[in-house]
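Residue numbers for the sequence shown, in the working numbering: 3 to 620. Beta carbons are placed, not taken as given, at the ideal position from N, Cα and C, and that holds for glycine.
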Amino acid sequence: MRGPAGASSPPAETSEMAKSFLPERIRNFSIIAHIDHGKSTLADRFLEITGAVDGRKRKAQQLDSMDLERERGITIKASAVSLTHMVDGEEYLLNLIDTPGHVDFAYEVEKSLQACEGALLLIDAAQGIQAQTVANAMLAMELDMTIIPVFNKVDLPHARPEEIEEELENTLLLDRESALRCSAKTGQGVEDIIRHIVTDIPAPQGNPNAPLQALVFDAKYDDYRGIVVYLRIVNGTLRKGDVTRMIGAGANYEAVEIGKFMPDPVPHSTLSVGEVGYFISNIKKLEDVNVGDTMTVAKGEMAKPLSGYREPKPMVWCGIYPVSSGDFENLRDALNQLKLNDSSIIFEPESSDALGFGFRCGFLGLLHMEIVQERLERESGVDVVQTAPSVPYRIVLNDGTLKDIHSPGSLPDPVYFTEIQEPIVTTHILVPTENIGAIMGLCSERRGRFLRQEHLSANRVMLTWDLPLAEIIYDFYDKLKSGTKGYGTMNFDEPRFMAANLVKLRILVSAVEADALSVICHADACQRRGRAVLKVLCKEIPRHQFEVALQAAVGGKIMARENIRALSKNVTAKCYGGDITRKKKLLAKQKEGKKRMKSIGAVEVPQKAFLAVLSTEE
Numbered sequence: 003m004r005g006p007a008g009a010s011s012p013p014a015e016t017s018e019m020a021k022s023f024l025p026e027r028i029r030n031f032s033i034i035a036h037i038d039h040g041k042s043t044l045a046d047r048f049l050e051i052t053g054a055v056d057g058r059k060r061k062a063q064q065l066d067s068m069d070l071e072r073e074r075g076i077t078i079k080a081s082a083v084s085l086t087h088m089v090d091g092e093e094y095l096l097n098l099i100d101t102p103g104h105v106d107f108a109y110e111v112e113k114s115l116q117a118c119e120g121a122l123l124l125i126d127a128a129q130g131i132q133a134q135t136v137a138n139a140m141l142a143m144e145l146d147m148t149i150i151p152v153f154n155k156v157d158l159p160h161a162r163p164e165e166i167e168e169e170l171e172n173t174l175l176l177d178r179e180s181a182l183r184c185s186a187k188t189g190q191g192v193e194d195i196i197r198h199i200v201t202d203i204p205a206p207q208g209n210p211n212a213p214l215q216a217l218v219f220d221a222k223y224d225d226y227r228g229i230v231v232y233l234r235i236v237n238g239t240l241r242k243g244d245v246t247r248m249i250g251a252g253a254n255y256e257a258v259e260i261g262k263f264m265p266d267p268v269p270h271s272t273l274s275v276g277e278v279g280y281f282i283s284n285i286k287k288l289e290d291v292n293v294g295d296t297m298t299v300a301k302g303e304m305a306k307p308l309s310g311y312r313e314p315k316p317m318v319w320c321g322i323y324p325v326s327s328g329d330f331e332n333l334r335d336a337l338n339q340l341k342l343n344d345s346s347i348i349f350e351p352e353s354s355d356a357l358g359f360g361f362r363c364g365f366l367g368l369l370h371m372e373i374v375q376e377r378l379e380r381e382s383g384v385d386v387v388q389t390a391p392s393v394p395y396r397i398v399l400n401d402g403t404l405k406d407i408h409s410p411g412s413l414p415d416p417v418y419f420t421e422i423q424e425p426i427v428t429t430h431i432l433v434p435t436e437n438i439g440a441i442m443g444l445c446s447e448r449r450g451r452f453l454r455q456e457h458l459s460a461n462r463v464m465l466t467w468d469l470p471l472a473e474i475i476y477d478f479y480d481k482l483k484s485g486t487k488g489y490g491t492m493n494f495d496e497p498r499f500m501a502a503n504l505v506k507l508r509i510l511v512s513a514v515e516a517d518a519l520s521v522i523c524h525a526d527a528c529q530r531r532g533r534a535v536l537k538v539l540c541k542e543i544p545r546h547q548f549e550v551a552l553q554a555a556v557g558g559k560i561m562a563r564e565n566i567r568a569l570s571k572n573v574t575a576k577c578y579g580g581d582i583t584r585k586k587k588l589l590a591k592q593k594e595g596k597k598r599m600k601s602i603g604a605v606e607v608p609q610k611a612f613l614a615v616l617s618t619e620e
């Protein structure tokens, strides 16, 4: 059966699966865990046990529908699926939302949890509680959700569930008796998990006779059917043909098709309290659908808007420019469509002397930035160039007002502000006890401030440091993995701004500033960084008929300089014999010509030179 864009779906009245359930027979739950702890595999077992997928169509990571997810082996987007299963002679509707585990996609997890009443906290029985396990568990606790701890991979020979029970009590203050054990790979214990989902997670609360009130928790664009909206019904009932209103956007749309993902889209005639499904109305205006908006009826008594979601705060900013200047509008359309599906992207137009017109984009992390670039190129066919990633900064202007800076080029002259503030994050690092010294040294090198040390068990410890965000977004995670032989994990809280000794490092090519290569960095590191950039540019910029000066400057002070030698021609080759003054005359004439050429000649910095600099590590 094809997706919502297909025309081969059975009518709601004749499909056996297209039936409604009373709220007391519905359970909405999510699977949350650290990366690689088995969320997608457990979701596969749920699909298999409930018979949601035909055996002939079954494949690993069934809910990971994007090519990128399969290639990288990670979940990027939360996926919703409705399952039906018999427990103690009663049929239940289980609405499962599988979530990502990487810290960059924590916003997807937060959105998913707000559409659920309970969560399965999946923990690898060999690795134990990791940094993202703690972060996701705290998120669920803040939302006052029912948490069911599940130890996965208990069939592994090096599994240690008894030790992890102790970590569960000490770190998360959860009762060790409530923990379930399973192997998502073999299916061991999965039936017992389904039973506990039904008995432990509360049914959704709501009034089916109240005015329609539905939470828009996701959306995607379909070329044939317009925007497909993902809904969770909080109150009331949505029927096919109803005219609905998006409260935030103020737009009215008729329910042309509604249904549930099982896991393929199945049309239904109604969606009631607690049910999760999709809504299609041939919506073409991207601005009419906002994730976190509330849907209600267009006529009669309208429901109040739901609280929605908090706005995501970008951790990393970079410029994205089309390789071909004629693709600017195509890039704008591609970003708008991607923002519909990933509301954590923020972008605004900007221009660069070197790269032309593009967009300044904000992301939740470097992996998120990398995924967005790949999705842009794959889904829209636009070739793009990225500038160096940077973190947001804040300046205190002379009149005391604060101003956020998202790119080095927008930093004003120092006479206009009194200080620059950089984002500082409280970072929680879980490491084996024998690697404490190496990680302490790494954090000290990155201008960190030690806060505390907590022992989770005999051989695992959590270190908490305050670190500048600029020092950890590049290669800190790689160094952490290297220093702990792969056993270290980290998670960080939202940033706060603190004053620091920061400067703007400008790169000058023949005394002309290359704005795309400017960076804001700590004063102690500016000379080292400037020299590293200049060495790369020396190799990539072709030689000219005149000498090209490359300089790294802070204000009016030159911190580093490299020269690209001029192409030389032997003008005295045909001058043989005679007085030496003939040769001197020819050499002086050549020197004068090069001097005149240098004053009027422009140095063209090739795009591959920008790419070479932007791809280098700090």
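{"query": "May I have the straight-line CA-CA distance separating methionine 599 from lysine 587, to the nearest angstrom?", "result": "In this prediction, methionine 599 scores a pLDDT of 49, lower than 50, which makes its location untrustworthy; the coordinate-derived value is nonetheless stated afterwards. Each residue's Cα considered, the two are about 18 Å apart."}
{"query": "Exposed or buried, aspartate 415, counting other C-beta atoms within 10 Å across all chains shown (16 or more means buried)?", "result": "exposed"}
{"query": "DSSP three-state label for leucine 544, please.", "result": "Just to set this straight, residue 544 is proline in the shown sequence, not leucine. Coil, per DSSP."}
{"query": "What are the start and end residues of the beta strand (DSSP E) that includes lysine 559?", "result": "559–566"}
{"query": "On the DSSP bridge assignment, give the partners of threonine 246 in chain order.", "result": "Tyr255, Val299"}
{"query": "Could you pull out every unbroken alpha helix (DSSP H) segment of at least 4 residues lying fully inside the region 163–240, listed in chain order?", "result": "163–174, 192–202"}
{"query": "Report yes if the CB atom of leucine 124 is closer than 9 Å to the CB atom of asparagine 97, and no otherwise.", "result": "no"}
{"query": "Which of the three DSSP states is assigned to serine 114 in this structure?", "result": "helix"}
{"query": "Assuming glutamate 26 is part of the beta strand (DSSP E), what are its boundary residues?", "result": "No beta strand (DSSP E) contains glutamate 26, which DSSP labels as neither H nor E."}
{"query": "Which residue's Cα is closest to the Cα of valine 384: His370, Ser409, Leu217, Asp329?", "result": "Asp329"}
{"query": "Name, in chain order, the residues that DSSP records as bridge partners for valine 318.", "result": "Phe365"}
{"query": "Spatial neighbours of leucine 507 within its chain, please: C-beta separation below 7 Å, excluding the five flanking residues on both sides.", "result": "Ser520, Val521, Cys523, Cys528, Arg531, Gly532, Ala554, Val556"}
{"query": "For proline 204, count neighbouring Cβ atoms within 10 angstroms of its own Cβ and tell me buried if that reaches 16, exposed if not.", "result": "exposed"}
{"query": "Quick check on threonine 429: does DSSP put it in helix, strand or coil?", "result": "strand"}
{"query": "First and last residue of the alpha helix (DSSP H) that includes threonine 389?", "result": "Segment: none, threonine 389 is in no alpha helix (DSSP H) and carries neither H nor E."}
{"query": "Out of curiosity, what's the CA-to-CA distance linking arginine 162 and tyrosine 476?", "result": "34 Å"}
{"query": "On the DSSP letters alone, give me the boundaries of the alpha helix (DSSP H) that valine 275 sits inside.", "result": "Run containing valine 275: none; DSSP gives neither H nor E here."}
{"query": "For aspartate 177 and glycine 250, I'd like the C-alpha separation in whole angstroms.", "result": "41 Å"}
{"query": "For glutamate 93 versus phenylalanine 48, is the C-beta distance shorter than 9 Å?", "result": "no"}
{"query": "If contacts are defined as beta-carbon pairs under 8 Å, then glutamine 339 and tyrosine 223 qualify, I think. What distance do you get, rounded to the angstrom?", "result": "5 Å"}
{"query": "My output table needs one value for aspartate 526: the three-state DSSP class, helix, strand or coil.", "result": "helix"}
{"query": "Would you call alanine 562 buried or exposed, if buried means 16 or more other Cβ atoms sit within 10 Å of its Cβ?", "result": "buried"}
{"query": "Thinking just about the alpha-carbon of each residue, which of Thr43, Pro25, Ser81, Phe31 is nearest to the one in aspartate 344?", "result": "Ser81"}
{"query": "DSSP three-state call for valine 521: helix, strand or coil?", "result": "strand"}
{"query": "On a CA-only basis, which of Lys541, Glu259, Ile422, Leu85 is nearest proline 265? Give me that one, please.", "result": "Leu85"}
{"query": "Closer than 9 Å, CB to CB, is aspartate 225 near chain C or not?", "result": "In the displayed structure, chain C is absent; only one protein chain is listed."}
{"query": "Assign proline 425 to buried or exposed, taking buried as 16 or more other Cβ atoms, counted over all protein chains shown, within 10 Å of its Cβ.", "result": "buried"}
{"query": "Looking only at its chain, what residues have a beta carbon closer than 8 Å to the beta carbon of leucine 510, apart from the 5 residues adjacent to it on each side?", "result": "Ala516, Ala551, Leu552, Gln553, Ala554, Ala555"}
{"query": "If you draw a straight line from the C-alpha of tyrosine 323 to the C-alpha of isoleucine 229, how long is it?", "result": "26 Å"}
{"query": "Just how far apart, CA to CA, sit glycine 490 and threonine 201?", "result": "36 Å"}
{"query": "Shortest alpha-carbon distance to threonine 148 belongs to which of Pro394, Lys483, Gln116?", "result": "Gln116"}
{"query": "Report the rounded CA-to-CA distance for phenylalanine 31 versus isoleucine 199, giving the unit in angstroms.", "result": "8 Å"}
{"query": "Check the C-beta distance from histidine 270 over to glycine 279 and give it rounded, since I have them as a contact under 8 Å.", "result": "7 Å"}
{"query": "From isoleucine 166 to glycine 130, what distance separates their C-alpha atoms?", "result": "6 Å"}
{"query": "Between phenylalanine 219 and serine 346, what straight-line distance do the alpha-carbon atoms span, to the nearest angstrom?", "result": "13 Å"}
{"query": "Answer with buried or exposed for serine 484, where buried requires no fewer than 16 other C-beta atoms within 10 angstroms of its C-beta.", "result": "exposed"}
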